[in-house]
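Presented below is the structure to which this report refers.
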Ligand SMILES: [Mg+2]
Ligand SMILES: [Zn+2]
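Chains as they are written, first to last, in UniProt numbering: chain A, 1 to 488; chain B, 1 to 96; chain C, 1 to 480.
In structure tokens form, the structure reads like this:
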């Protein structure tokens with residue numbers, strides 16, 4: 001049943017003995033086998049490990065040991081996160097046969113929580129894209145409408161959760177890659193504060209922007225996954241040191257007195273009218289629940305996307321230089337080393353990745369550094385100060401996540417700039433490091449509409465509180481794609 | 001055009017990517033569209049603005065000088081496309 | 001026309017940390033290929049660097065000793081270029097905000113002190129090692145790559161173009177080595193590659209200020225190579241200009257065997273490193289308190305020590321210079337003097353027999369099997385007259401080999417000097433009796449003849465006779 005497919009409900013069933021983790025995992029695998037041919041969310045199948053991990057959890061339960069909230073509940077991991085002994089392809093020919101000899105820190109943390117993963121999920125190659133159409137291996141379909149994209153780059157993770165193939169998933173977000181697919185798939189997706197989740201073992205796209213985060217059905221599940229993966233890591237120099245929090249404590253159904261800012265610039269032209277209506281309704285909901293709504297101006301927002309599409313490719317051009325056929329990954333033989341490099345990289349990378357490498361190389365090259373890269377870093381400062389100012393006045397900002405609902409597969413593939421423009425509402429949080437999350441706020445033609453909530457750095461609690469209150473009070477927003485229902 | 005064919009060839013070499021002559025126009029057009037959009041930031045007054053390179057304002061994250069185990073040679077070479085005698089093996093090395 | 005050289009040096013020194021700059025792999029030299037590597041230094045997908053604190057500590061220490069400004073705010077940058085010894089195809093280095101700026105090194109050449117200014121010192125990671133299958137990189141079909149050196153911490157020390165000759169360049173490098181060794185931050189062994197040097201060299205007519213086109217000289221792996229390479233290059237460039245040619249900006253390699261420089265590659269416009277701030281490492285802020293703490297760790301530097309050796313110990317400047325070149329030698333020398341040995345005697349022995357043993361064994365003074373007090377005991381035996389200086393020279397190697405004390409060796413080998421007048425008188429009488437010609441010569445006024453007779457006595461006693469006593473007794477007997 002739809003209701004059953006959340007972590008917190010299933011956890012109750014596990015601890016009360018209503019179902020075992022192995023039974024649960026098998027049911028999910030059966031459902032996955034049934035719908036995966038239509039959705040194509042996964043790049044690898046990890047059922048043997050999953051059943052092994054599930055059996056270990058059952059053993060713990062049988063022995064009367066307490067288990068974590070996430071223990072034994074089938075999830076999925078984006079294929080740019082390294083798991084020891086498993087493939088980490090980044091949906092690229094370049095890494096088709098790469099096996100990681102080490103675990104990402106989030107995986108170590110999930111292991112401590114006795115996680116079960118059914119496999120690695122599809123994505124835009126090296127997380128570059130907004131539709132998952134840039135995968136070298138397959139196109140993932142939106143479970144709400146199979147003709148539509150699930151969003152990207154964590155489209156496989158979002159589709160896996162929306163289709164009910166997995167209860168939860170990890171994604172990564174460099175410019176909206178968790179929040180946008182969550183929006184297109186009617187899910188909760190959070191990009192935590194930069195530095196809250198270790199990036200060690202996340203195959204880098206743009207190091208100063210990347211952040212791992214949860215994609216779940218509801219806000220409670222989001223808090224549970226966040227609890228499992230958050231925390232300082234000495235292997236990541238940008239990891240923030242702070243005391244461990246229990247994010248479940250933030251799940252409070254009350255926004256009275258909460259100041260919610262509405263930045264004017266996010267509601268400018270370009271925002272679909274039905275999406276606007278849904279967002280206005282959401283604002284209304286908050287008002288009725290006792291929140292204070294404040295209109296704001298953030299004058300530098302309109303420059304955010306341009307700055308982002310300079311900084312992200314610049315870092316990517318350097319991060320992806322290591323894929324050269326020498327130490328790991330694809331090699332296409334050449335007459336000499338330079339020839340081998342060129343052949344390997346030309347064959348191993350898809351068009352979008354190459355485009356961004358070229359773009360990034362250009363904006364860093366001598367003569368252009370100051371006009372593009374350095375200027376973009378200064379714009380980044382201005383965007384940051386806009387947010388600092390805004391978040392001095394309010395606790396949370398409410399914006400669209402994407403200007404519209406999911407688009408048709410193939411619709412934007414020939415127009416990279418049009419594709420980039422879809423990221424306009426999400427990228428500034430990556431530039432500033434601020435936490436943001438998507439939550440469904442309506443539907444248009446059978447597709448979910450998302451809204452984005454934004455809070456101060458390390459204030460995920462306020463984000464969760466605002467989202468949770470909304471979720472608890474808008475029971476009209478509980479639609480699910482039909483294929484999602486798992487009989488338990 | 002903001003970017004010339006010569007510049008495209010130069011950045012292709014710098015990034016070790018092959019671009020066929022017949023692709024230069026289409027690649028150039030896409031990059032040009034994107035760069036034209038980027039020009040938006042040339043309107044921003046950035047005088048006296050310091051650049052931001054990091055989303056976090058931390059300083060001095062360091063580790064102690066204490067050895068940690070390394071990988072065994074086989075593990076280190078596990079993903080190597082070509083190896084010999086414990087080394088990674090590459091074709092003839094030339095300068096560009 | 002007369003030309004002068006304008007030379008700037010870029011020196012890379014490996015820091016003596018236990019682990020690499022951004023990961024916990026060992027920096028130890030000489031391991032099997034690709035065994036001191038981990039996901040981080042192999043640049044595997046997903047890994048992140050974390051700075052080794054000791055690297056920053058050593059960099060600041062070196063900067064202070066080299067009279068640099070330590071920047072309160074510093075950061076790392078990526079230098080992007082493709083080469084198979086660089087697993088990530090970028091080198092993490094420092095670009096516009098290096099840890100140190102504006103230092104200097106004073107050198108002594110031809111009795112004159114010259115100040116060589118330093119532009120900057122920065123921290124960076126070393127690259128791996130390429131092993132070629134053929135005779136050289138150009139003739140090899142394939143190449144092996146060993147990443148053990150990848151990520152070993154380096155200090156890059158860049159001088160201003162203040163150096164004017166190969167001799168000065170050599171003196172500068174020796175001084176730099178001496179300082180870094182004193183600080184115990186680097187071994188600076190050029191032959192082992194823990195100190196490497198690239199020289200930028202141009203020439204110009206004496207008296208002109210404009211700089212000529214420079215060539216970059218690489219592949220130099222000895223101090224003498226630096227001097228010879230620069231001297232060769234200066235002559236080559238001057239002759240080229242004299243013959244109406246022009247110097248082109250290029251990289252040239254020093255061929256140690258042929259003692260010439262050869263073209264390596266012409267620098268193209270495509271060399272564009274696209275430096276940008278390393279997003280995976282966060283900036284460094286060095287507090288004034290930490291700087292002061294590190295300043296206290298700096299030992300007496302070679303210049304100060306040399307001055308003290310001349311002024312307080314009364315050593316000739318030549319001796320003081322030689323003895324303070326490396327810290328281990330200077331420490332050893334001071335320990336011998338502290339054991340009560342005359343300063344000049346100790347100095348002579350350090351430069352003579354002791355240095356001979358040390359060089360033969362390829363050791364630094366602190367590793368010598370004969371400790372300072374053991375050497376002092378040996379020298380004590382000379383001053384007490386137990387053995388002669390000449391005998392002592394044969395005792396030292398014995399001590400070196402066996403580890404025995406000087407007195408023990410002397411006793412075992414029966415090397416005690418014969419100073420006993422009775423025993424010597426007997427021998428002298430027989431020598432006088434069997435050498436009438438020399439005796440006659442002496443008595444005829446050829447005082448030099450006594451030398452022959454002394455020699456005969458020494459021969460008879462296998463060198464053990466006290467030469468002073470022999471001389472005295474001979475004169476007494478001859479003139480009696
Ligand atoms: Mg360097
Ligand atoms: Zn390592």
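Just so you know, even glycine gets a beta-carbon here, dropped at the ideal spot from N, CA and C.
Residue 422 of chain A: buried (16+ other C-beta within 10 angstroms of its C-beta) or exposed?
Within the first chain, the letter at position 422 stands for residue 422 of chain A. It counts as buried.
Use the C-beta contact count for residue 64 of chain A: other C-beta atoms within 10 angstroms, 16 or more gives buried, fewer gives exposed.
Against the first chain, residue 64 of chain A aligns to sequence position 64. Per the 10 Å Cβ criterion, exposed.
Just verifying my parser: in three-state terms, what is the DSSP assignment at residue 319 of chain A?
Within the first chain, the letter at position 319 stands for residue 319 of chain A. If DSSP states are grouped into helix, strand and coil, residue 319 of chain A belongs with the helices.
When you measure from the CB of residue 14 of chain C to every non-hydrogen atom of ligand 1, does any distance come out below 6 angstroms?
Position 14 of the third chain, counting from 1, holds the residue named residue 14 of chain C. The answer is no for residue 14 of chain C.
So who's on the other strand from residue 204 of chain C, going by DSSP bridges?
As a working note, residue 204 of chain C is residue 204 in the third chain. For residue 204 of chain C, which the question treats as bridged, DSSP gives the partners C:4.
Check whether residue 277 of chain C and residue 75 of chain C have beta carbons under 7 angstroms apart
Taking the first residue of the third chain as 1, we reach residue 277 of chain C at position 277. Taking the first residue of the third chain as 1, we reach residue 75 of chain C at position 75. A contact, by the Cβ cut-off of 7 angstroms.
Applying a beta-carbon distance threshold of less than 7 angstroms, which residues of chain A neighbour residue 75 of chain B?
In the second chain, the residue the question calls residue 75 of chain B occupies position 75. Correct list: 101.
When you compare each of C:450, C:144 and C:167 to residue 91 of chain B by their alpha carbons, which one comes out closest?
The count along the second chain starts at 1 and reaches residue 91 of chain B at position 91. When each option's Cα is compared against that of residue 91 of chain B, the closest is C:144.
Considering only their Cβ atoms, is the gap separating residue 425 of chain A from residue 401 of chain A smaller than 7 angstroms?
Here residue 401 of chain A refers to the residue found at position 401 of the first chain. Here residue 425 of chain A refers to the residue found at position 425 of the first chain. Closer than 7 angstroms, so yes.
Per DSSP, what kind of secondary structure is residue 12 of chain C in: helix, strand or coil?
By one-based count along the third chain, residue 12 of chain C stands at place 12. If DSSP states are grouped into helix, strand and coil, residue 12 of chain C belongs with the strands.
Can a CB atom of chain B be found closer than 7 angstroms to the CB of residue 367 of chain A?
As a working note, residue 367 of chain A is residue 367 in the first chain. Residue 367 of chain A does not count as touching chain B.
Rounded C-alpha distance that separates residue 222 of chain A from residue 182 of chain A:
The residue you call residue 222 of chain A lines up with position 222 of the first chain. The residue you call residue 182 of chain A lines up with position 182 of the first chain. In a straight line, the C-alpha of residue 222 of chain A is about 12 angstroms away from that of residue 182 of chain A.
Give, in chain order, every residue of the region 5 to 22 of chain B whose Cβ lies closer than 7 angstroms to some Cβ of chain C.
10, 13, 14 and 16
Taking DSSP as the reference, what is the three-state secondary structure of residue 15 of chain A?
Within the first chain, the letter at position 15 stands for residue 15 of chain A. Of the three classes helix, strand and coil, the one that applies to residue 15 of chain A here is helix, per DSSP.
Do the region 201 to 215 of chain A and the region 461 to 480 of chain A meet, that is, are 3 or more Cβ pairs less than 8 angstroms apart?
no
Taking C-beta to C-beta, are residue 39 of chain A and residue 159 of chain A nearer than 7 angstroms?
By one-based count along the first chain, residue 39 of chain A stands at place 39. By one-based count along the first chain, residue 159 of chain A stands at place 159. It is a contact, given that the beta carbons lie within the stated cut-off.
8 angstroms Cβ cut-off: residues of chain A touching residue 43 of chain C
Counting from 1 along the third chain, the entry for residue 43 of chain C is found at position 43. Under the 8 angstroms cutoff, chain A gives 322 and 327.
Relative to the C-alpha of residue 44 of chain C, which candidate in A:145, A:178, A:443 and A:327 has its C-alpha closest?
Indexing the third chain from 1 puts residue 44 of chain C at position 44. Closest option to residue 44 of chain C, Cα to Cα, is A:327.
Contacts of residue 58 of chain B in chain C (Cβ-Cβ under 7 angstroms):
On the second chain, position 58 is the one that residue 58 of chain B refers to. Neighbours of residue 58 of chain B on chain C, chain order: 282.
Kindly say whether residue 275 of chain A, judged by its beta-carbon, lies nearer than 7 angstroms to any beta-carbon of chain E.
The chain labelled as chain E is not found among the protein chains of the depicted structure, namely A, B and C.
C-alpha distance - residue 380 of chain A paired with residue 21 of chain B, whole-angstrom precision
To locate residue 380 of chain A, count along the first chain from 1; it is residue 380. To locate residue 21 of chain B, count along the second chain from 1; it is residue 21. Spanning the two alpha carbons is a distance of roughly 36 angstroms.
Partners in chain B for residue 432 of chain A, counting only beta-carbon separations shorter than 7 angstroms:
As a working mapping, residue 432 of chain A is identified with position 432 in the first chain. Residues of chain B passing the Cβ test: 55.
From A:474, A:478, A:336 and A:418, residue whose alpha carbon lies closest to that of residue 140 of chain C
By one-based count along the third chain, residue 140 of chain C stands at place 140. Closest option to residue 140 of chain C, Cα to Cα, is A:336.
Per DSSP, what kind of secondary structure is residue 416 of chain A in: helix, strand or coil?
Locating residue 416 of chain A in the first chain gives position 416, where the first residue counts as 1. DSSP places residue 416 of chain A in helix when its eight states are reduced to three.
Residue 46 of chain A versus residue 83 of chain A - alpha carbon distance:
Translated into the one-based positions of the first chain, residue 46 of chain A becomes position 46. Translated into the one-based positions of the first chain, residue 83 of chain A becomes position 83. Roughly 11 angstroms separates the two Cα atoms.
Residue-level contact to chain A via CB, residue 98 of chain C, 7 angstroms cutoff
Within the third chain, the letter at position 98 stands for residue 98 of chain C. It does not: the Cβ of residue 98 of chain C has no partner Cβ on chain A nearer than 7 angstroms.
So for residue 1 of chain B, helix, strand or coil by DSSP?
Locating residue 1 of chain B in the second chain gives position 1, counting from the first residue. Coil, per DSSP.
Please tell me whether residue 230 of chain A has its Cβ less than 7 angstroms away from any Cβ of chain B.
Residue 230 of chain A sits at position 230 when you count from the first residue of the first chain. It does not: the Cβ of residue 230 of chain A has no partner Cβ on chain B nearer than 7 angstroms.
Examine the Cβ distances between the region 341 to 358 of chain A and the region 138 to 155 of chain A and report whether three or more of them are shorter than 8 angstroms.
no
Threshold first: 4 residues or longer. Then list the alpha helix (DSSP H) segments lying entirely within the region 237 to 313 of chain C, N to C.
288 to 297 and 302 to 311
Residues of its chain near residue 295 of chain C, where Cβ-Cβ distance is below 6 angstroms and the 5 sequence neighbours each way are ignored
For this step, residue 295 of chain C is matched to residue 295 along the third chain. So the list reads 64, once near-sequence residues are dropped.
Taking 6 angstroms as the cut-off, is the C-beta of residue 25 of chain C nearer than that to any heavy atom in ligand 2?
Taking the first residue of the third chain as 1, we reach residue 25 of chain C at position 25. Correct: residue 25 of chain C has its Cβ closer than 6 angstroms to ligand 2.
Based on the DSSP output, what are the partners of residue 116 of chain A in its beta bridges?
Taking the first residue of the first chain as 1, we reach residue 116 of chain A at position 116. A:74.
Looking only at its chain, what residues have a beta carbon closer than 8 angstroms to the beta carbon of residue 235 of chain A, apart from the 5 residues adjacent to it on each side?
Here the question's residue 235 of chain A lines up with position 235 in the first chain. Cβ neighbours of residue 235 of chain A beyond the five flanking positions: 105, 198 and 200.
Segments assigned alpha helix (DSSP H), at least 4 residues, entirely inside the region 53 to 93 of chain B
73 to 76
Could you confirm whether any beta carbon from chain C is found closer than 7 angstroms to the beta carbon of residue 70 of chain B?
Start at 1 with the first residue of the second chain, and residue 70 of chain B comes out as number 70. Taking Cβ atoms only, chain C reaches closer than 7 angstroms to residue 70 of chain B, which makes this a yes.
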